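Here's the structure we're looking at; comments come further down.
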Amino acid sequence: MNDIIIRDLRPTDVDVIADIAVAAWEPIFAFFRRTMGEDLFAAACPDWRKEKARQVRAACDPAHPALVCVAEKEGQVVGFITFHANDASRIGEIGNNAVRPDFQSAGIGTRMYEHVFERLRRLGMRFVKVGTGGDPAHAPARRAYEKAGFSIQLPSVTYYRAL
Ligand SMILES: CC(C)(COP(=O)(O)OP(=O)(O)OC[C@H]1O[C@@H](n2cnc3c(N)ncnc32)[C@H](O)[C@@H]1OP(=O)(O)O)[C@@H](O)C(=O)NCCC(=O)NCCS
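Residue numbering for the sequence shown is 832 to 994, as defined by the working numbering.
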């Protein structure tokens, strides 16, 4: 783990982290597709790869309120995390974050969260929040967040039905 560096985003990282996001979300959207069925999935998540990459690219825009850090291993970017501070509530928030699938479960996510907690403390935040899915495909994210100390939960459920 000592060979992992967490650093601020550089413009040359943007394409790499957009690709990491798409790769990391593949199993999640595959689960959604199986669960929702083809019709609903096509209606609810059209072109999800393009949309996920767009979200990540938008967060990288210097005009966007989010900050972005990346995890680098041996000169390669292998993960990213977006986050922002809220000066009114002093509750920071973590947004999209992912580790390249072949580098997951090696502690990189945990390192990114710890780095962001420290950044948010220095920005004056008193709490930090993150939202994730309660479905089986988000089990790695929930486990990683709980390991990083997120211990207060307000679960929610999204329902669909055919009309
Ligand atoms: C969430 C994510 C960023 C965590 O990154 P990571 O580098 O794998 O995290 P860590 O190695 O620090 O692991 C933290 C914990 O999660 C567990 N974990 C990681 N991958 C897992 C998996 N596929 N299944 C179950 N647990 C998993 C680890 O085992 C570890 O727990 P442990 O110490 O009790 O074993 C990564 O799984 C990911 O990119 N997921 C897909 C995208 C995503 O869900 N992003 C968050 C959206 S809200």
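Glycine included, each C-beta is placed from N, C-alpha and C at the ideal position.
The structure displayed is predicted, hence computed values, not measured ones.
DSSP places Thr866 inside the alpha helix (DSSP H), whose first and last residues are Val845 to Met867. Here the alpha carbons of Lys904 and Leu954 stand approximately 26 Å from one another. The alpha helix (DSSP H) runs lying completely inside the region 925-984 and spanning 4 residues or more are 939-953 and 970-978, given in chain order. For Ala894, there is no enclosing alpha helix (DSSP H), as DSSP marks it with neither H nor E.
Those residues having their beta-carbon less than 5 Å away from any non-hydrogen atom of ligand 1 are, in chain order, Ala855, Ala929, Val930, Gln935, Ser936, Gly938, Ile939, Gly940, Thr941, Thr963, Pro971, Ala972, Arg974, Ala975 and Lys978. Ala890 sits buried, since 16 or more C-beta atoms from the chains shown fall within 10 Å of its C-beta. Around Gly940, the same chain offers Val930 and Ala975 as residues with beta carbons nearer than 6 Å, after the five sequence neighbours per side are excluded. Straight-line spacing of the CA atoms in Phe860 and Gln907 works out to 26 Å. For Arg838, the uninterrupted beta strand (DSSP E) run begins and ends at Ile835 to Asp839, by DSSP.
C-alpha of Ser936 to C-alpha of Tyr990: approximately 30 Å in a straight line. For Val887, the secondary structure class from DSSP, reduced to helix, strand or coil, is helix. A contact is defined here as three or more CB-CB pairs under 8 Å, and the region 860-871 meets this definition with respect to the region 962-969. Approximately 16 Å separates the beta-carbon atoms of Pro932 and Ala884; this is outside 8 Å, ruling out the contact.
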